[in-house]
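Take a look at the structure set out below.
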Amino acid sequence: MPELPEVEVVRAGLERHVRHATITVVEVLHPRPVRRDPGGPAGFAAALRGRRIDTVRRRGKYWWLGLDNGDALLGHLGMSGQMLVRPPGAPDERHLRIRFGLDRPLELRFVDQRMFGGLLVSPGGADLPAEIAHIARDPLDPEFDQVEVARRVRRRTSGIKRLLLDQTLVSGIGNIYADEALWRAGVHGDRPGTRLSRGQALEVLGQARAVMAEALAEGGTSFDALYVNVNGQSGYFDRSLHAYGREGSPCDRCGTAIRRVAFMNRSSYYCPGCQRPPRRGPEPTPR
DNA sequence: ACTACGTCCTGCTTGC
DNA sequence: TGCAAGCAGGACGTAG
271 MPELPEVEVV RAGLERHVRH ATITVVEVLH PRPVRRDPGG PAGFAAALRG
321 RRIDTVRRRG KYWWLGLDNG DALLGHLGMS GQMLVRPPGA PDERHLRIRF
371 GLDRPLELRF VDQRMFGGLL VSPGGADLPA EIAHIARDPL DPEFDQVEVA
421 RRVRRRTSGI KRLLLDQTLV SGIGNIYADE ALWRAGVHGD RPGTRLSRGQ
471 ALEVLGQARA VMAEALAEGG TSFDALYVNV NGQSGYFDRS LHAYGREGSP
521 CDRCGTAIRR VAFMNRSSYY CPGCQRPPRR GPEPTPR
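In my numbering, the protein residues as written are 271 to 557.
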């Protein structure tokens, strides 16, 4: 599940390998990944053919290629998306959805099994696509204002985990890093924002930034030069996780068994020993 | 403005 | 052995 660190690894890989290249061919093999592009597959392809890639940027889990005409190719990897750089003769991946030919012996490929991700052309979006104007700055953005975000968190009644996943409040955090940040801060995800102290709100946000920065540092090598066989969900950071996916294992801090509870059609992992549930409010469902 | 929930997708795993 | 349910979950639309 690509969250901010994984997307940043992809962004850096794209910058290294395809920046300054010109797109010569666009082949849309499945319409779904361009569903958000008003031009549809044909318009999408036509708008990109002949364009040179000038910049490669990211905000939260979105990334985009700034093009020489001021437009942008905006992308989101969703759950299972990958942007791969391959030699043109390489066999098609099973879930290859979009192929870009370049003016160099490389192909850019969007591969996505479940197609929650997608690409679109953003007119005039090279600096910041209008389509993601609602996405907040992420914790690794130099202009991220942690104090202001903490203030906003403390005015919201939703549980802190839900707030961490709200991309209009703070972007880039997904289910895994939300659980890790909360474990590190010793705060239960069901605690309402309004019931966090100023220090706790700042601590949770600071831990979110820290865990994602550490994951990024460990993932810096996962985007290989020519043969990018790495998928966005690679396990390079798994060893460093303290909560996510560790149901039943002893907490690394206090030894209590990590618990998994249902949360918004997914799972939350936490330590009942050092992340005490709020007294009032939703009772975590065991199992 | 905020909150909460349903939906989209496919393939692997689990259970009867 | 076969088949269906369960599970993974980010972002968005919608209703309240």
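Built from N, CA and C at the ideal position, the CB exists for glycine as well.
For residue 502, name the three-state secondary structure that DSSP assigns. Because the pLDDT of residue 502 is 38, which lies under 50, any placement of that residue in the model is unreliable, and the number read from its coordinates should be weighed accordingly. Residue state, collapsed to three classes: coil.
Considering Cα atoms alone, identify which of 355, 347, 383 and 392 is closest to residue 313. 392
Could you have a look at residue 345 and say whether DSSP puts it in helix, strand or coil? strand
The segment 476-483 touching the segment 407-425, judged by at least three CB pairs closer than 8 Å: yes
Continuous beta strand (DSSP E) stretch holding residue 352: start and end: Start and end: 351-356.
Near residue 325, what residues of its chain come up, given a Cβ to Cβ distance below 6 Å and the 5 sequence neighbours on each side ignored? 336
Quick test of the definition: if touching needs 3 or more C-beta pairs under 8 Å, does the segment 338-351 touch the segment 373-393? yes
DSSP three-state call for residue 519: helix, strand or coil? Coil, per DSSP.
Confirm, please, whether the CB-CB distance from residue 398 to residue 422 is below 8 Å. No, the pair does not count as a contact, with Cβ atoms beyond the cut-off.
Close beta carbons around residue 471, own chain, < 6 Å, minus the five adjacent residues each side: 420, 423 and 424
If residue 358 and residue 377 are in contact, beta carbons under 8 Å, what's the gap, nearest whole angstrom? About 5 Å; that satisfies the 8 Å criterion.
Separation of residue 390 from residue 303, as counted between CA atoms: 8 Å
Quick one: Cα of residue 283 to Cα of residue 327, how far? 11 Å
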